[in-house]
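Under our numbering, the first residue of the sequence shown carries the number 6, and numbering increases by one thereafter.
I have placed the structure first, in the form of structure tokens, so that the comments after it can refer back to it.
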Amino acid sequence: MSVMPVAHTPAPPCHVPITGIPYRYEECGHGSDLEGYVQEALTSEVSDEGTRRARFARLEEPAPGPPGSARQSSDGGKLSLTVLNAIDVIEVLASADTPLPLAAIVVKVGLSTTATHRLLASLRSRGLVIQDPVSKRYSLGWKMVTYGNRVLSSLPFSGIVMPWLEQLRDLTGETATLHVQDGDHRVCVLECESKSDIRRSVGVGRRVPIHKGASGRAILAFLPDQEQAKILSGLSAPESHAVEPLLAATRDSGYAISHEESTRSVAALAVPVFDSGDRVVGALSVSGPSFRWTDKEMLPFVRDLLGAADQIRYEM
Numbered sequence: 006m007s008v009m010p011v012a013h014t015p016a017p018p019c020h021v022p023i024t025g026i027p028y029r030y031e032e033c034g035h036g037s038d039l040e041g042y043v044q045e046a047l048t049s050e051v052s053d054e055g056t057r058r059a060r061f062a063r064l065e066e067p068a069p070g071p072p073g074s075a076r077q078s079s080d081g082g083k084l085s086l087t088v089l090n091a092i093d094v095i096e097v098l099a100s101a102d103t104p105l106p107l108a109a110i111v112v113k114v115g116l117s118t119t120a121t122h123r124l125l126a127s128l129r130s131r132g133l134v135i136q137d138p139v140s141k142r143y144s145l146g147w148k149m150v151t152y153g154n155r156v157l158s159s160l161p162f163s164g165i166v167m168p169w170l171e172q173l174r175d176l177t178g179e180t181a182t183l184h185v186q187d188g189d190h191r192v193c194v195l196e197c198e199s200k201s202d203i204r205r206s207v208g209v210g211r212r213v214p215i216h217k218g219a220s221g222r223a224i225l226a227f228l229p230d231q232e233q234a235k236i237l238s239g240l241s242a243p244e245s246h247a248v249e250p251l252l253a254a255t256r257d258s259g260y261a262i263s264h265e266e267s268t269r270s271v272a273a274l275a276v277p278v279f280d281s282g283d284r285v286v287g288a289l290s291v292s293g294p295s296f297r298w299t300d301k302e303m304l305p306f307v308r309d310l311l312g313a314a315d316q317i318r319y320e321m
């Protein structure tokens, strides 16, 4: 669960943690060569789809999938299926809450057992994937830490936003985060945890459908109409009908509130962050246990979140 009792210890420092591997601060005390295949794919001048499929058949061997599962390239069919399949494996592991067995990964990526195992072996050889020696289950490797920290350290707004997250955390007593859009999802990219013994721990790198929760709605409500409509069209009719009035309310008030939408026993208050061109670039959120972070507690801090968002916009 995201709301969890922990031993009474000094609050963890606010910092920029890993992306892509959701975790809690209190927990962070601790064959084949994919590169060769990638190099082969990058240097190949073979563009015929059938020839390329045969060339990489030993790795791909795609199992029957749903309509539209075939890989299509917008640049004349020159994408490497091997690389795309390897990325699919990484994304499956990144979205899992616990390590996965081979059989589960096979089902999710839609490849044969042999092809999936070879991809996992290749990723393991580079430290991108690890396998538990006892359970034989797979998870992302610690090399992702290096990649994630490099990405986060390159974000132009990290140094601007973190002081405001610290201030909001200290002001409200709850966990403050920054979320950005990633297609039809939103991702937590910065987090400053509450100092309370019982606190909300989001996890940098955590992805949630953008229509769920206060942070997502604070972004979705202010996207261009065409982009917003495209995202809503991907929802079921009941979901879309339920979300639309919430988005309208968010546009009118300038903030969003959610109760146990994306995470059980968690409530959140969020506001959009705009750049100098009035484009929404993210959302500031303060979240906490729902028994403590109630509407009565949240509403007095709406002005503080809006003020912080305005200052971030100015400093950007």
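Where is the CB? At the ideal position from N, CA and C, for every residue including glycine.
Could you tell me the alpha carbon to alpha carbon distance between residue i and residue j, rounded to whole angstroms?
{"i": "D111", "j": "S117", "result": "The question names Asp, yet the displayed sequence has Val at residue 111. C-alpha separation (whole angstroms): 6 Å."}
{"i": "L98", "j": "D187", "result": "17 Å"}
{"i": "E65", "j": "E96", "result": "Because the pLDDT of E65 is 41, which lies under 50, any placement of that residue in the model is unreliable, and the question is left without a value."}
{"i": "L86", "j": "P277", "result": "37 Å"}
{"i": "E232", "j": "V194", "result": "22 Å"}
{"i": "T268", "j": "A101", "result": "15 Å"}
{"i": "I135", "j": "L125", "result": "9 Å"}
{"i": "D189", "j": "K235", "result": "9 Å"}
{"i": "V291", "j": "Y319", "result": "21 Å"}
{"i": "R131", "j": "W147", "result": "10 Å"}
{"i": "A275", "j": "A254", "result": "13 Å"}
{"i": "M321", "j": "P138", "result": "47 Å"}
{"i": "G178", "j": "G153", "result": "28 Å"}
{"i": "L304", "j": "Q316", "result": "20 Å"}
Does any CB atom of chain B fall closer than 8 Å to the CB of residue i?
{"i": "S201", "result": "Within the model displayed, chain B is absent; a lone protein chain is all it includes."}
Count the other CB atoms, across all protein chains shown, that sit within 10 Å of the CB of residue i; report buried if there are 16 or more and exposed otherwise.
{"i": "V94", "result": "buried"}
{"i": "F296", "result": "exposed"}
{"i": "A120", "result": "buried"}
{"i": "L128", "result": "buried"}
{"i": "T103", "result": "exposed"}
{"i": "A288", "result": "buried"}
{"i": "A247", "result": "exposed"}
{"i": "R308", "result": "exposed"}
{"i": "I92", "result": "exposed"}
Could you give the residue range of the alpha helix (DSSP H) that holds residue i?
{"i": "Y143", "result": "That residue, Y143, is in no alpha helix (DSSP H); its beta strand (DSSP E) goes 143-145."}
{"i": "H246", "result": "242-258"}
{"i": "L98", "result": "86-100"}
{"i": "S220", "result": "218-225"}
{"i": "V111", "result": "107-114"}
{"i": "I203", "result": "Not the alpha helix (DSSP H): I203 falls in the beta strand (DSSP E), residues 203-205."}
Taking 7 Å as the limit between beta carbons, can you name the residues of its chain near residue i, skipping five residues before and five after?
{"i": "V8", "result": "Annotation note: pLDDT 49 at V8 (below 50); position unreliable, no value reported."}
Quick one, which of the options has its alpha-carbon nearest residue i's?
{"i": "L89", "options": "R256, L274, G115, A108", "result": "G115"}
{"i": "E198", "options": "V185, A109, A314, T180", "result": "T180"}
{"i": "L240", "options": "K217, A223, G259", "result": "K217"}
{"i": "E266", "options": "R222, Y260, F306", "result": "R222"}
Tell me which residues share the same chain as residue i and place their Cβ nearer than 6 Å to its Cβ, disregarding the 5 neighbours each side in the sequence.
{"i": "V286", "result": "V278, D280"}
From what residue to what residue does the beta strand (DSSP E) around residue i run?
{"i": "D187", "result": "180-187"}
{"i": "G293", "result": "285-294"}
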